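See structure below.
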Amino acid sequence: MKLGRLPALVRTTTFRLALVHASIFILFTASLLTYLYFETTGRLDLQAENELNAEFQELSTAYRSGGFDRLNQAVFERSSATGKFFYLLQDADGRRASGDFNMLPISPPESGQVVEVKFNYDARAPGGGEARRSAEGRVSRLSGGGVLMVAYDLAELGEMNRRILAVVVRSALVGLGLSLIGGLVISRSAAQRAESLARLTEDVMGGDLTRRAAVVGSGDEFDRLAIQINAMLSKLERLVVSSRSAGDAIAHDLRSPLTRLRNRLEGALSEGTVEGARDALARSIEEIDDVLGTFNAILRLSRVQAGATGSFRRLNASGVTDELAELYQPVCEEVGLGFSYAYEPELFVQADRDLVAQAMANLMDNAVKYTPEGGAIRLLARRTPRGEVALTVVDSGPGIPEADRERAVERFARLEQSRSKPGSGLGLSLAAAVAEAHHGRLELADGDAGPHGAGLSVSLVLPPA
Amino acid sequence: MRVLVIEDDADAAAFVQRVLQEAGHDADHAADGDAGLNKARTGEYDALVVDRMLPQMDGLTLLKTYRDAGGRAPALFLSALGEVDHRVEGLQAGGDDYLVKPYAPSELVARVEALGRRTPSDGPATRLSAGGLEMDLLARTVHRDGKKIDLQPREFRLLEFLLRHAGQVVTRTMLLEKVWDYHFDPQTNVIDVHVSRLRGKIDKDFDRPLLHTVRGAGYRLEA
């Protein structure tokens, strides 16, 4: 089970990143340790060299002050004491006078010369028998003809170097292990969160739109991704629900006119006179046009709600209301309604002109439709105290009771008293959808109270640009 | 007018052809993009009616290719895609007008005839007239039988459009699109109100009316 999951883990991006990270870490550690190694061993070599120099210095002092005998004495004492250095002193004839070795590893240098040597020698091992060891040292011809060699065993230094190397290698291995484990842990937790997101999308594709990604609260990129995905799912869910309810609404709102239409056509078939049939057909066509109008309104509303339409530009909102005022003023006068228009300048918004115009035209249509003769309609374009841009249609009609306002904005919601009026019942819904598409909102309130009721005020509130 | 209808749906094509023929035009038919482009290139047509979605070559590509090759016949797109962005695409591809399915036959005829009017390069006309009604586009004045008529700016544009299409039926939707630049249908009869106001100004004091209502279709300015 665990083994089976490993390859999947290895395939994850985070694991690869962890691996890259580990490699970089190891490369860094290795160079650091290599540097440390050479620096330390170099320092040790230098130290041995300095000690050798000092030893030579002391012996040559002895030679200068007491001649060969004094030197012989000093070498004898030093070689019998346990110390770092090994010695060999030969007299002018090449015979061994004192020291640890029996013979020189090289032929003795000319007088006054100092020669560095590196050689192997056999020494008695602690457990008996002989072991080959290596040493490094210096050979010098004495002014009186003798030869002095001072050497030190490399084994000790080598041992030191080996130990350092061992430490370095072990640290590198531990570092490698740690960084790999760290990488695995990190990539596993990342992979698990990615995996849970993948499972979530699977569930959603399976049809469960209510599922949401877990937000840990760490604020990292996974959390941000989860929050985004959740927002997307909420929107999707809303759209699906609204299209479902649109489906219901279509069934509800189109079925009855279609049924009426069918009956009328059937009646036309059995109509006795040509005129009668013609008349029935003409009315049928009108009815079809109504159905198509409703259908188009549904489609348009769906597209606006899905955010699939509109070209948003910075524009002056009062430009839109100017045109609407001009368009509707004669209409109001025609049906015996008062009309007034007031606007503030420079109401800039980021908006689609056609959508805003349509939303406002719907509000004007509603106001004209529901305000009884003798009433008045006001169109306002102004800035709210919070700096937003509000385009408002106020009428003096019956208004909508506060309890019904939310429902009035829903698709196809036509309040009981309005059932008899023509229209698709989508006007307010479309205005609300347009508001949402602009990150604004639709506000319903009491309008101008009058003999017919509290009046209605509908505002399309848009964020300023 | 000789009109080429490029439409793959045989029923829809037959309907368009019949509607145009009943209105007194010759209507030829091509059933796919390639055939349509080849026929259009013969240069025998006064106007093209192009469905947006066609087999072989879609309507937008067809018209772009046709225009790039120097084709000048005005074109009307027919499409089930009716959002503003779709219209803009259609106009950018070289279309002169855009009609969303489903449409009323009268709307189609009115728009095709409006297209035909454009073909002769009228040039930048400075005066428009019909039956004693004179419009000076530079001075922005209107006279009828020598008598000055005062118009609001929007009424002026409305009359200008009617004059440019004098003798043709213009629909309410056309007026809303071309005069007000709105691509939706207000439910109230806003256009009727504006037209009747204009009529009050240009026809009221004269014996012979110029601005006629065409029942079930729209309006016609005719001397």
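So the sequence lines, in the order shown, correspond to chains A and B. Each residue of the first sequence is one higher than the last, beginning at -8 in the numbering used here. Each residue of the second sequence is one higher than the last, beginning at 0 in the numbering used here. C-beta atoms are modelled at their ideal positions from N, C-alpha and C, and glycine is treated no differently. Predicted model, so just to flag it, every value in this text is computed and none were measured.
Query                                                                                                      : Result
Beta-carbon proximity of valine 169/B to glycine 130/B, cut-off 7 Å                                        : no
Sub-7 Å separation of threonine 125/B and leucine 137/B beta-carbons                                       : yes
Reduced DSSP category for glutamine 20/B - H, G, I as helix; E, B as strand; rest coil                     : helix
Simplified DSSP assignment, three categories, for glutamate 407/A                                          : Confidence at glutamate 407/A is low in this model, with a pLDDT of 49, below 50, so the placement of that residue should be treated as unreliable; the coordinate-derived value is given next. Three-state result, glutamate 407/A: helix.
Where glutamate 407/A falls, given that 16 or more other Cβ within 10 Å makes a residue buried             : Legend: pLDDT at glutamate 407/A = 49, less than 50; position of this residue unreliable, no value from coordinates given.
Spatial distance of leucine -6/A from glutamate 212/A (CA atoms)                                           : Confidence in leucine -6/A is poor, its pLDDT being 49 and thus under 50, which makes the residue's placement unreliable; the coordinate value appears in the next sentence. Answer to the nearest angstrom: the Cα atoms are 29 Å apart.
N-terminal and C-terminal residue of the beta strand (DSSP E) that phenylalanine 76/B is part of           : 74 to 78
Environment of glutamate 154/B [buried if 16+ CB atoms lie within 10 Å]                                    : buried
Residue-level contact to chain A via CB, tyrosine 97/B, 7 Å cutoff                                         : no
Same chain, Cβ closer than 8 Å to arginine 87/A, neighbours up to 5 away in sequence not counted           : Leu79, Leu80, Gln81, Asn93 and Met94
Any C-beta of chain A under 7 Å from that of phenylalanine 76/B                                            : no
Exposure of tyrosine 26/A, with buried meaning 16 or more beta-carbon neighbours within 10 Å               : exposed
Glycine 441/A - DSSP class collapsed to helix/strand/coil                                                  : strand
Cβ separation of leucine 50/A and leucine 139/A, assumed to be a contact under 8 Å, to the nearest whole Å : 6 Å
The stretch 142 to 157 of chain B: positions lying closer than 7 Å to chain A by Cβ                        : Arg153
Cβ neighbour criterion (16 or more within 10 Å) applied to valine 108/B                                    : buried
Exposure of histidine 430/A, with buried meaning 16 or more beta-carbon neighbours within 10 Å             : exposed
Interface partners of arginine 294/A on chain B, CB under 8 Å                                              : Glu82
Through-space distance from glutamate 88/B to serine 120/B, alpha-carbon basis                             : Because serine 120/B carries a pLDDT of 49, less than 50, the predicted location of this residue cannot be relied on, and the following value inherits that uncertainty. Roughly 24 Å separates the two Cα atoms.
Among Pro73/B, Met173/B, His85/B and Arg71/B, nearest to methionine 52/B - alpha-carbon criterion          : His85/B
Neighbour-count burial assignment, serine 78/B, 16 or more Cβ in a 10 Å radius                             : buried
Length of the line joining the Cα atoms of proline 54/B and alanine 204/A                                  : 44 Å
For glutamate 127/A, the three-state DSSP class (helix, strand or coil)                                    : strand
The stretch 267 to 285 of chain A: positions lying closer than 8 Å to chain B by Cβ                        : Asp280, Leu283 and Gly284
Residues bridged to valine 213/B [DSSP beta-bridge criterion]                                              : Gly217/B
Minimum length 3: unbroken beta strand (DSSP E) runs contained in the stretch 349 to 378 of chain A        : 367 to 374
Contact check, leucine 292/A vs leucine 421/A, beta carbons under 7 Å                                      : yes
Test: aspartate 356/A CB closer than 7 Å to a CB of chain B                                                : yes
C-alpha distance - aspartate 10/B paired with alanine 103/B, whole-angstrom precision                      : 15 Å
Collapsed DSSP secondary structure at methionine -8/A in the structure displayed                           : The pLDDT assigned to methionine -8/A is 44, lower than 50, so where the model puts this residue is not dependable; a value taken from the coordinates is nonetheless given after this. Three-state DSSP puts methionine -8/A in coil, outside helix and strand.
Identity of the residue in Gly390/A, Thr383/A and Ile391/A nearest serine 450/A by Cα                      : Thr383/A
Environment of glutamate 6/B [buried if 16+ CB atoms lie within 10 Å]                                      : buried
Separation of arginine 161/A from leucine 10/A, as counted between CA atoms                                : 20 Å
Proximity of phenylalanine 77/A and aspartate 91/A at Cβ, strictly below 7 Å                               : yes
Supposed contact pair serine 178/A and phenylalanine 16/A - C-beta distance, whole angstroms, cut 8 Å      : At roughly 14 Å, the Cβ-Cβ gap does not stay under 8 Å, so phenylalanine 16/A and serine 178/A are not in contact.
Tyrosine 319/A: contacting residues in chain B (beta-carbon distance under 7 Å)                            : Val189
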